[in-house]
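Read through the structure below, which is laid out as structure tokens, and then see the notes.
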Amino acid sequence: MAERLKLFFWVFFVLLPNPAKSQLDELFLNGFKGVGVASNLRLNGAAQIQENGVLQLTNKTQRLLGHAFYSNPIQFKNSTDGKAFSFSTSFAFAMVPEFAKLGGHGLAFTISPTKEFPGALPSQYLGLVNNTDLGNFTNHIFAVEFDTVQDFQFKDINDNHVGIDINNLVSNKSAPAAYFDDTNSSIQVLNLKSGQVIQAWIEYDSQSNRLDVKLSPSSTKPRSTLLSFHVDLSLILQESMYVGFSSSTGLLSSSHYIMGWSFKMNGEAKSLSLDQLPSLPAESKRKNSTGVIVGVSVSAALVIILVSGLAFYLIRKIKKADVIEAWELDIEVVCGRRPIEHKALPEELMLVDWVWEKWRLGGIFEVVDSRLEGEFDELEAVVLLKLGLMCSNNEPKARPTMRQVVRYLDGELPLPEAVEAPQGGT
Ligand SMILES: *[C@@H]1O[C@H](CO)[C@@H](O)[C@H](O)[C@H]1NC(C)=O
Ligand SMILES: *[C@@H]1O[C@H](CO)[C@@H](O)[C@H](O)[C@H]1NC(C)=O
Ligand SMILES: *[C@@H]1O[C@H](CO)[C@@H](O)[C@H](O)[C@H]1NC(C)=O
Ligand SMILES: *[C@@H]1O[C@H](CO)[C@@H](O)[C@H](O)[C@H]1NC(C)=O
Ligand SMILES: *[C@@H]1O[C@H](CO)[C@@H](O)[C@H](O)[C@H]1NC(C)=O
Ligand SMILES: *[C@@H]1O[C@H](CO)[C@@H](O)[C@H](O)[C@H]1NC(C)=O
């Protein structure tokens, strides 16, 4: 009986078309398992619906894209006066990163003229755009990003934020992820990459041109808004748009899940009851961060630098020789440059050499990304750069073993005072 009732609910709520316009008015999905659900969703990239009804946008493989959009376009504007309609949505999501403290990268609720994103990039682009169409008004993309990596190119505020994006990954407005506890009117930090199920509400009121975003780890919509933005979406949206989710992983990766989704045009979407949603697959429960990461307490930016290299190492189980590559990647992130930077001065072209030159001349802090604006622990930066230089040495014998690297990072072994030139010369 209960089963039948459930089935009835699926069918009843999946599609509530407006008979006059024969278009979707409301969507209410307690999981993605019901009759007709899969056929009404367009999945691509890594996105798939799991047996128990969880929509998985990405798994922990590097550089994945995952898209899940409602199959049919939805009318978002009044065809007479071109004014955008109000809409409201809520969904429950969870992010289970490969390494507990490092997200990779995030997901975005998206309204777009297409449900396919050919040429879109993973990593910080979240599967929405690429470098060519980034910021172009012709994209007509509106997104609310849930981003767990701080990307300097896109002026991200931290590695745990919610942002409102229009045609671009530089957010028009963003806020650190948090929720308001109405019982004692306090604001609580919410860790997006904790693996915890979080419900998000996004509501647009076309009368006041106001867009509100709220978060909560519970089923109840908080009264207070986390992020509020004044915008007339009539200028951004087209009449016919697709609605859904986009997600990506980068060098650091994370499984991104949607457990339930509620959406309504011209009205308030029903909130989801978290206890009625399918649960996360057990095998995906977050594994503890490796011993490598534990015990290294460096500032957030430097943790990313450090571990991206080690993650790289662990994931690919690379040979010792390849440690060079991983550490060049680290140097790249510390310095905010690519190993070979075309726009740099010729003498800065080879990053490792450049870092070495600065080291030799005593100006090591000049190489730390100016965008960090001096906000880094000098001692930790020295340790990282020193290790980077040691690991980048052309002479295999001069490079530390992975075991030594880990012991240096854990502070078990003091780093040698002098570092050899990476090219064995100078
Ligand atoms: C992750 O997703 C990718 C793309 O769909 C797939 O090729 C790969 O096998 C998946 N990995 C795991 C561990 O499921
Ligand atoms: C569309 O706009 C026209 C003119 O402002 C208005 O009369 C009509 O009610 C609107 N239609 C809807 C569905 O809001
Ligand atoms: C960038 O993305 C757009 C839209 O998705 C696509 O049409 C274009 O081909 C892409 N450009 C490249 C260089 O991949
Ligand atoms: C934006 O995209 C359109 C269409 O693809 C293109 O014609 C235009 O040059 C682009 N604008 C910029 C500033 O790149
Ligand atoms: C939001 O971002 C878009 C794209 O960068 C820009 O065109 C627009 O002016 C921004 N709007 C506001 C209100 O900042
Ligand atoms: C409010 O309540 C939460 C638990 O619901 C608690 O963690 C928090 O410390 C409280 N804040 C204040 C300011 O009392």
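In mature numbering (1 follows the signal peptide of the UniProt record, and there is no 0), the protein residues as written are -22 to -1, 1 to 404.
We put the CB at the ideal spot given by N, CA and C, even for glycine.
Nothing here was measured: the structure is a model prediction, and the numbers come from that model.
- In the pairwise beta carbon analysis, the stretch 158 to 169 is classified as not touching the stretch 217 to 225: fewer than three pairs are separated by under 8 Å.
- According to the DSSP secondary-structure assignment, D183 is paired through a beta bridge with R188.
- A contact is defined here as three or more CB-CB pairs under 8 Å, and the stretch 181 to 198 meets this definition with respect to the stretch 59 to 66.
- Taking 7 Å as the cut-off, one finds no heavy atom of ligand 4 near enough to the beta carbon of D137.
- Annotated three-state conformation of R201 is coil, per DSSP.
- By the criterion of at least three beta-carbon pairs nearer than 8 Å, the stretch 45 to 54 is in contact with the stretch 8 to 25.
- K79 is positioned such that its CB atom lies no closer than 8 Å to that of S231.
- At the C-beta level, A153 and H139 come within 8 Å of one another.
- At a Cβ-Cβ threshold of 8 Å, Q53 and E217 count as neighbours.
- Look at D210: its beta carbon is at least 7 Å from all of the heavy atoms in ligand 2.
- According to the DSSP assignment, F223 belongs to the beta strand (DSSP E) that extends over S218 to S226.
- Taking the Cβ of L42 as the reference point, at least one heavy atom of ligand 1 falls within a distance shorter than 7 Å.
- Within the DSSP bridge table, the entry for H118 names no partner.
- Where S152 is concerned, the enclosing beta strand (DSSP E) starts and stops at K151 to P154.
- Among the bridge pairs identified by DSSP, P75 is matched with S232.
- Contact check for L213 and K55: beta-carbon distance about 10 Å, past the 8 Å limit, so the pair fails to qualify.
- In the DSSP assignment, I89 falls within the unbroken beta strand (DSSP E) covering G84 to S90.
- Cβ-Cβ separation between R381 and C369: approximately 13 Å, too far for a contact (criterion under 8 Å).
- Relative to ligand 4, the nearest heavy atom lies less than 7 Å away from the CB of N114.
- Beta-carbon to beta-carbon, A70 and G238 are separated by about 5 Å, close enough to satisfy the 8 Å threshold.
- S90 is not a Cβ neighbour of I135, given a cutoff of 8 Å.
- By the CB criterion at 8 Å, I144 and L205 fall outside the cutoff.
- Inter-residue distance for N114 and H83 is about 22 Å (C-alpha atoms, whole angstroms).
- Beta-bridge annotation (DSSP): V107 is not paired with any residue.
- In the DSSP assignment, F130 falls outside any beta strand (DSSP E) and carries neither an H nor an E.
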